[in-house]
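In our numbering, the protein residues as written are 12 to 495.
Glycine included, C-beta positions come from ideal geometry on N, C-alpha and C.
To start, the structure itself, in structure tokens.
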């Protein structure tokens, strides 16, 4: 075996494992930054690219363009998942970070509606599609890479650092926005300063690429490839084989679907609601979300650590249930501490306006995210064998987060605008979280204790000589798949 390519798990030192975690997480953090900086500036940039006749219409158009990236995440998951299961984890998520960085930087260089009319919005959507494809390939590669290096008994703990990178990327995007906004002043920020957070991505990506090029291939994948255990077509194996497809569906409808709406309702739609609905001053709104999310970062690691002791499923269930039950009262609380009467930003500030209390409420919602998202990478990795892991876990993750979760802002704003009820949009994430909770109780398995080195099929905690008939490689369906 080529030692330059991989290092066996049992030969990794604690220092080497930390370097692997940092390298994988640093790149993923930057990709999330690139993905979220687009949405974090919706109140500033919506009318730069879209002219619908009303600020609300411009915002919906911008959020629609933002949602396009989410819709293409599953396609990226399939394409890059296939490449990751065929060519390797390192190659694939090194390629995705370059793709993401280039498209994000170009977003900052685009002419606006004032320069080229509707073509500006079209070009923005094209770049957003590329972003969606790239992030679709990133998460699954990073999660499998970390999990295939770390010891089994600490898998929840080590993969939880990766889980923190999504919220960390959101925090980083808010920090950069605040820095440029304060340094340039409102007029310059609105005129041209909004471009700098996009362009800044090129420096972050260069640093991450330097780190990732020094990484070695996953030892489990390298061993599987050398021993001929990789699949000819991971896509067919994942989604055409009924047994594996069953667990793909479980991971979507019994885990990631609910997790996705909890994440985006707590951390992202809350920013849109605070800024665009409650008309909270721009700097205050960014600080509210930034501080709340930053204080919530340790929670991901804590829950990941605890999931190694008490299981993944209880925490995932708890996060979904709390989201379904508590989102409405939490948003009522945000409205109670709003800055203006009737959300009219030309009126004086209300005496009950409290950014601190709004931040505390958002932090409570981030705690729901800690519960449902902290152990999610470990859970997904433990459902699928090495030969199809990248492909099989990536698609349900990105449908759950990209389609169900990512569409929360645009669906919620559209419902609220058309009904006149500012809380009407919460109906969508609350229902999705509740349904996913019920499905998870019924069919989602506990994966703690899974030996991912010995798995031969989805949902099996380790290969055994007495495989069941439906898992026997000699079945007609498997012969058909092998032929393909």
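Quick test of your reading: residue i and residue j, contact by CB under 8 Å. State the CB separation rounded to the nearest angstrom.
i	j	result
residue 436	residue 377	Wrong, their Cβ atoms sit about 19 Å apart, outside the cutoff.
residue 44	residue 215	7 Å
residue 330	residue 382	3 Å
residue 380	residue 299	Wrong, their Cβ atoms sit about 16 Å apart, outside the cutoff.
residue 155	residue 100	6 Å
residue 263	residue 411	6 Å
residue 440	residue 272	4 Å
residue 51	residue 287	Incorrect: roughly 12 Å between the Cβ atoms, too far for contact.
residue 350	residue 289	7 Å
residue 384	residue 305	In fact, because the Cβ distance is near 16 Å, the residues do not count as touching under 8 Å.
residue 103	residue 246	Actually they are not in contact, since the Cβ atoms of residue 103 and residue 246 sit about 14 Å apart, beyond 8 Å.
residue 65	residue 392	Actually they are not in contact, since the Cβ atoms of residue 65 and residue 392 sit about 46 Å apart, beyond 8 Å.
residue 414	residue 203	No, residue 414 and residue 203 are not in contact; Cβ-Cβ is about 34 Å, not under 8 Å.
residue 211	residue 200	The Cβ separation is near 14 Å, so there is no contact.
residue 302	residue 370	5 Å
Can you name the residues that DSSP bridges to residue i?
i	result
residue 351	360
Taking the straight line between their C-alpha atoms, what separation do you get for residue i and residue j?
i	j	result
residue 63	residue 69	6 Å
residue 6	residue 83	In the structure as shown, the chain begins at 12 and stops at 495. Residue 6 is therefore absent and cannot be evaluated.
residue 313	residue 124	46 Å
residue 474	residue 91	Bear in mind that the predicted position of residue 474 carries a pLDDT of just 47, short of 50, making it too unreliable to give a figure here.
residue 250	residue 259	8 Å
residue 221	residue 434	45 Å
residue 134	residue 386	37 Å
residue 565	residue 318	The question about residue 565 has no answer here: the residues shown for the chain are numbered 12 through 495.
residue 197	residue 227	46 Å
residue 189	residue 354	23 Å
residue 333	residue 195	40 Å
residue 364	residue 347	8 Å
residue 139	residue 445	30 Å
residue 85	residue 144	8 Å
residue 67	residue 73	10 Å
residue 406	residue 367	38 Å
residue 417	residue 408	12 Å
residue 117	residue 158	33 Å
residue 28	residue 71	44 Å
residue 328	residue 451	7 Å
residue 398	residue 462	14 Å
residue 459	residue 389	8 Å
residue 218	residue 95	22 Å
residue 33	residue 128	43 Å
residue 432	residue 79	25 Å
residue 315	residue 31	18 Å
residue 115	residue 187	14 Å
Return no unless some Cβ of chain D is closer than 8 Å to the Cβ of residue i.
i	result
residue 96	Absent from the structure: chain D. Only one protein chain is present.
- Task: Specify whether the region 350 to 360 and the region 326 to 342 touch according to this definition: at least 3 beta carbon pairs, one from each stretch, less than 8 Å apart.
- Result: The region 350 to 360, when compared against the region 326 to 342, does not touch it at the 8 Å Cβ threshold.
- Tell me the start and end of each unbroken alpha helix (DSSP H) in the region 286 to 315 that is at least 4 residues and wholly inside, in chain order. Fully enclosed alpha helix (DSSP H) runs of 4 or longer: not present.
- So, do the region 263 to 275 and the region 142 to 151 have three or more beta carbon pairs nearer to each other than 8 Å? Output reads no: the region 142 to 151 does not touch the region 263 to 275.
- Message: Threshold first: 4 residues or longer. Then list the alpha helix (DSSP H) segments lying entirely within the region 73 to 147, N to C.
- Response: The region 73 to 147 contains these whole alpha helix (DSSP H) runs: 84 to 98, 100 to 118 and 124 to 127.
- Would you call the region 415 to 432 and the region 283 to 293 in contact, with 3 or more CB pairs under 8 Å? Taking a cut-off of 8 Å for Cβ pairs, the region 415 to 432 and the region 283 to 293 touch, as three or more such pairs fall below it.
- Query: Is the region 179 to 196 in contact with the region 318 to 334, if contact means three or more CB pairs nearer than 8 Å?
  - Reply: The region 179 to 196 vs the region 318 to 334: no contact.
- Message: Any contact between the region 171 to 180 and the region 24 to 40? By contact I mean 3 or more CB pairs, one from each, below 8 Å.
- Response: A contact between stretches requires three or more CB pairs, one per stretch, nearer than 8 Å, and the region 171 to 180 meets this requirement with the region 24 to 40.
- Message: Quick check on the DSSP output: what are the complete alpha helix (DSSP H) runs of length 4 or more inside the region 424 to 456, in order along the chain?
- Response: The alpha helix (DSSP H) runs of length 4 or more contained entirely in the region 424 to 456 are, from start to end of the chain, 438 to 454.
- Message: Report the start-end ranges of each alpha helix (DSSP H) in the region 32 to 69 that is 4 residues or longer and not cut off at the edges.
- Response: Fully enclosed alpha helix (DSSP H) runs of 4 or longer: 53 to 60.
- Task: For the region 160 to 167 and the region 106 to 126, state whether three or more C-beta atom pairs, one from each stretch, are separated by less than 8 Å.
- Result: The region 160 to 167 and the region 106 to 126 do not touch, with fewer than 3 CB-CB distances between them shorter than 8 Å.
- Query: Within the chosen definition, does the region 49 to 63 reach the region 114 to 130 through at least 3 CB pairs nearer than 8 Å?
  - Reply: The way I'd put it, the region 49 to 63 does touch the region 114 to 130; three or more beta-carbon pairs between them come closer than 8 Å.
- Those runs of the alpha helix (DSSP H) which lie wholly inside the region 179 to 235 and span at least 4 residues: Every alpha helix (DSSP H) of 4 residues or more that sits fully in the region 179 to 235 is shown, in chain order, as 206 to 210 and 212 to 223.
- Item | Those runs of the alpha helix (DSSP H) which lie wholly inside the region 356 to 427 and span at least 4 residues | Runs found: 366 to 384, 387 to 392 and 400 to 409.
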